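Residue numbers (UniProt numbering), protein chains in the order written: chain A, 1 to 386; chain B, 1 to 386. Cβ atoms here follow ideal geometry from the backbone N, Cα and C, with glycine treated the same way. Note that the structure is a prediction, hence the values are computed from the model and not measured. A quick write-up on the structure given underneath.
There are 2 protein chains.
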Amino acid sequence: MTIRLSRRAERLTSSLIRDILQITQRPGVISFAGGLPAAEVMPPLDFEGLADDYRQYGPSEGEPALRSLIAQNLSTLGMDCSVERVLVTSGSQQGIDLVGKLFVDEGAKVLLEAPTYLATIQALGVYGAEFKGLPLAADGIDPDDLRRAIAYRRPAFVYLIPTFQNPSGFCYTDEIRRAVAKVLDETDIPLVEDDPYRDLVYRPVDRTPICTYLERAPWVYLGSFSKITAPGLRVGYLASSPSLFSGLVRLKQSSDLHTNRIGQAWLARFLGSAGFDEHMARMIRIYGERRDAMQAALERHFEELAEWRAPAGGLFFWLRLTRECDTLAALHAALTRDVAFMPGDPFFPAPALRYSALRLNFSHAAPENIERGVALIAEILGEFAK
Amino acid sequence: MTIRLSRRAERLTSSLIRDILQITQRPGVISFAGGLPAAEVMPPLDFEGLADDYRQYGPSEGEPALRSLIAQNLSTLGMDCSVERVLVTSGSQQGIDLVGKLFVDEGAKVLLEAPTYLATIQALGVYGAEFKGLPLAADGIDPDDLRRAIAYRRPAFVYLIPTFQNPSGFCYTDEIRRAVAKVLDETDIPLVEDDPYRDLVYRPVDRTPICTYLERAPWVYLGSFSKITAPGLRVGYLASSPSLFSGLVRLKQSSDLHTNRIGQAWLARFLGSAGFDEHMARMIRIYGERRDAMQAALERHFEELAEWRAPAGGLFFWLRLTRECDTLAALHAALTRDVAFMPGDPFFPAPALRYSALRLNFSHAAPENIERGVALIAEILGEFAK
Chain A
1 MTIRLSRRAE
11 RLTSSLIRDI
21 LQITQRPGVI
31 SFAGGLPAAE
41 VMPPLDFEGL
51 ADDYRQYGPS
61 EGEPALRSLI
71 AQNLSTLGMD
81 CSVERVLVTS
91 GSQQGIDLVG
101 KLFVDEGAKV
111 LLEAPTYLAT
121 IQALGVYGAE
131 FKGLPLAADG
141 IDPDDLRRAI
151 AYRRPAFVYL
161 IPTFQNPSGF
171 CYTDEIRRAV
181 AKVLDETDIP
191 LVEDDPYRDL
201 VYRPVDRTPI
211 CTYLERAPWV
221 YLGSFSKITA
231 PGLRVGYLAS
241 SPSLFSGLVR
251 LKQSSDLHTN
261 RIGQAWLARF
271 LGSAGFDEHM
281 ARMIRIYGER
291 RDAMQAALER
301 HFEELAEWRA
311 PAGGLFFWLR
321 LTRECDTLAA
331 LHAALTRDVA
341 FMPGDPFFPA
351 PALRYSALRL
361 NFSHAAPENI
371 ERGVALIAEI
381 LGEFAK
Chain B
1 MTIRLSRRAE
11 RLTSSLIRDI
21 LQITQRPGVI
31 SFAGGLPAAE
41 VMPPLDFEGL
51 ADDYRQYGPS
61 EGEPALRSLI
71 AQNLSTLGMD
81 CSVERVLVTS
91 GSQQGIDLVG
101 KLFVDEGAKV
111 LLEAPTYLAT
121 IQALGVYGAE
131 FKGLPLAADG
141 IDPDDLRRAI
151 AYRRPAFVYL
161 IPTFQNPSGF
171 CYTDEIRRAV
181 AKVLDETDIP
191 LVEDDPYRDL
201 VYRPVDRTPI
211 CTYLERAPWV
221 YLGSFSKITA
231 PGLRVGYLAS
241 SPSLFSGLVR
251 LKQSSDLHTN
261 RIGQAWLARF
271 LGSAGFDEHM
281 ARMIRIYGER
291 RDAMQAALER
301 HFEELAEWRA
311 PAGGLFFWLR
321 LTRECDTLAA
331 LHAALTRDVA
341 FMPGDPFFPA
351 PALRYSALRL
361 NFSHAAPENI
371 ERGVALIAEI
381 LGEFAK
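Here it is, written out as structure tokens:
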């Protein structure tokens, strides 16, 4: 018997990240694979006094107190966004899914960075998106590349992660941010700007959202609380230009009615408390130390093997290997020696030009394991590089 | 400027239920419109000792403890379903959305009851489903109708709510449950069985899921905790036959990674506690009293205006009006007099034969308001009936 599924379902491939994360949760494994906050850095959750008020069904847009804090925060970034255009989502991943639902018909073209966030490739691919990857350099994409690709492909939208990008850690310069906005305004192509790492900053750089520079092109801005608080809560948000908002809210409603209210209520209280700034300062100090530890370890073990930049923020080092390497085979070998990384391949949207690379997360492993893990990975890669 | 959205997005219509629920949250309104649990019946939420363990990202399938309790419960219903085929969802609404993602391409046919749950019409419609409504009687759909519709339409799947159906409150007889299963087995058409009201039972009736009778046809069974605990938690679940499960998990992952863990952890503890049975007994007693109060009020005020059955379970009375009536206009009049109901129209999938009807919820209004609200609605409908 054959069951007729949607083309969407037939397009599903097994998720590498999912499989790897399961393996790396084995005790004793030093994992640089995920993008997980460190347990010792996450704030304690305290629901005292909140729980009973949020048992009932709630509004699809989200809790007013949380939306209001988000809108205030976006205003400080220069975004033209009132509270009426903030939608709380079940994690930032849902924002990506809603964008797919809103824009993507079978065969719709989407421009994005190469490499880019692999779960975006997966989530938009489910709707039948066809991708064109724009080569990403340390200072951003090339605005002329973008202009040419728009002219040639007429994409449904452009998806970018301009700040502390996943997987690369790269951060667009102010000049490129403005130039990208100009191209989008001239062509009226919507921008989906994914910005989950914004607040994890270890060295001052420009982080102005590209959305704030747009004068004409529609936009959706995706934000997350997972990286700075507790991802288990599954609370993220989006904001958008006026023309897109009501469609996004209705798609949110048909997806899951609304986001869990207890998580929203806790976040509204925590973000508005004195403890929040203290928590952020501590998180940034600890992650900054781990970043430095990884940079030092890489300098010791990867000089010959790879090129990289110490990221100004975010959670990742991106190593471009100097020799070609079957990084997936290397990962399998690494797992037998209780260390894990993310191979670079799945971050490249097909059919993009790929290069051998890996992504190393520095927030989750204890500092004393960073040197040991990096040394081990260098040794294994040395065996696999051609 | 025109933004190119997906056909999916262009299909969005304003959601009546959403608009009505907003109005009915005005203080002083007696609302029979929603399907909301009563605040005074919901269990208190207590996260003591749970919170910090569930801050990190979790498994897409859900928390093992909760999945295991769900699997045990499904086994007692006679369902052949191991814990490996239980997926925790962000409310039962997400289960419906995932089913749409899995099965529905543009123009796919879906058979469902007429009337049926309006948010299902909305959620599947977003994916381009075309509906064929099967007339629903008090003992279920007609299995011969089903057989003919399958032969003629070759649907992607059949969606049914056999137990305490929304909006009708009807409950399929055992004979019809078995006959429906036989037709599905003979034709290999998947069944999506939505069962959120199962545990709200005021009079003993057969409630065996139709899925348990299937020998060959694939199935997805959707369950909810919203009606018996606290909908604000947004935790529901699905179980499925083996061939469909991995696709559903991967679609869940690309939708929101996983369901919020705090809600899952609380539910696992509460469902496994002695307090749970006590809570259910109290909830059923209170809702049963409200059901009886509404039945008495209807007998006093609706004898001439409508036909109905006192439901054996669930949350709703469904009134089939004896004269044609513009129930939407009547609702607007009702709202000016601070009372609300759901007009029947949006529960009919287009292009189905409709009849004038309303849905009245009896769980949410305080008993002393039921008589007053029902009397007022009868008065207003008398003015609007032709």
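Contact with chain A by residue i, beta-carbon distance below 9 Å
i             : result
residue 201/B : no
residue 122/B : yes
residue 262/B : yes
residue 62/B  : no
residue 188/B : yes
residue 103/B : yes
residue 310/B : no
residue 42/B  : yes
residue 156/B : yes
residue 242/B : no
residue 375/B : no
Test item: CB-CB of residue i and residue j under 9 Å
i             : j             : result
residue 347/A : residue 116/A : yes
residue 332/A : residue 32/A  : no
residue 239/A : residue 66/A  : no
residue 195/A : residue 224/A : yes
residue 236/A : residue 92/A  : yes
residue 313/B : residue 327/B : no
residue 45/A  : residue 230/A : yes
residue 297/B : residue 370/B : yes
residue 86/A  : residue 106/A : no
residue 373/B : residue 30/B  : yes
residue 7/B   : residue 128/B : yes
Interface flag, residue i vs chain B, CB-CB below 9 Å
i             : result
residue 67/A  : no
residue 70/A  : no
residue 131/A : no
residue 45/A  : yes
residue 5/A   : yes
residue 273/A : no
residue 303/A : no
residue 233/A : yes
Residue i Cβ short of 8 Å to the ligand COA heavy atom set
i             : result
residue 116/B : Ligands in the displayed structure: none, and consequently the ligand COA is not present.
Neighbourhood of residue i by C-beta, 6 Å cutoff - its chain only, sequence neighbours within 5 removed
i             : result
residue 265/B : 50 and 54
residue 157/B : 103, 190 and 192
residue 283/B : 41
residue 279/A : 43
residue 233/A : 263
residue 286/B : 41
Local Cβ density within 10 Å of residue i, reported as buried at 16 or more and exposed below that
i             : result
residue 293/A : buried
residue 155/A : buried
residue 22/A  : exposed
residue 329/A : exposed
residue 135/A : exposed
residue 97/B  : buried
residue 366/A : exposed
residue 137/B : exposed
residue 226/B : buried
residue 63/A  : buried
residue 28/A  : exposed
residue 76/A  : exposed
Close beta carbons around residue i, own chain, < 7 Å, minus the five adjacent residues each side
i             : result
residue 99/A  : 192 and 220
residue 262/A : 47, 50, 51 and 54
residue 73/A  : none
residue 388/B : No answer is possible for residue 388/B: it lies beyond the span of chain B, which begins at 1 and ends at 386.
Contact set for residue i: own chain, Cβ-Cβ below 8 Å, skip 5 residues either direction
i             : result
residue 174/B : 206 and 208
residue 57/A  : 257 and 258
residue 308/A : 298, 302, 317, 318, 319 and 320
residue 201/A : 164, 207, 284, 312 and 313
- Message: Could you tell me which whole beta strand (DSSP E) segments of length 3 or greater appear in the region 79 to 130 of chain B?
- Response: 86 to 89 and 109 to 114
- Please specify which runs of the beta strand (DSSP E), each continuous and at least 3 residues long, are wholly inside the region 155 to 195 of chain B, giving them in chain order. 157 to 160 and 191 to 194
- Could you give the uninterrupted runs of the beta strand (DSSP E) lying entirely in the region 200 to 268 of chain B, keeping only those of 3 residues or more? 219 to 224 and 236 to 240
- Write down every uninterrupted run of the alpha helix (DSSP H) in the region 257 to 344 of chain B whose length is 4 residues or greater and which is fully enclosed by it, in chain order. 261 to 271, 274 to 301 and 327 to 336
- Please specify which runs of the beta strand (DSSP E), each continuous and at least 3 residues long, are wholly inside the region 39 to 82 of chain B, giving them in chain order. none
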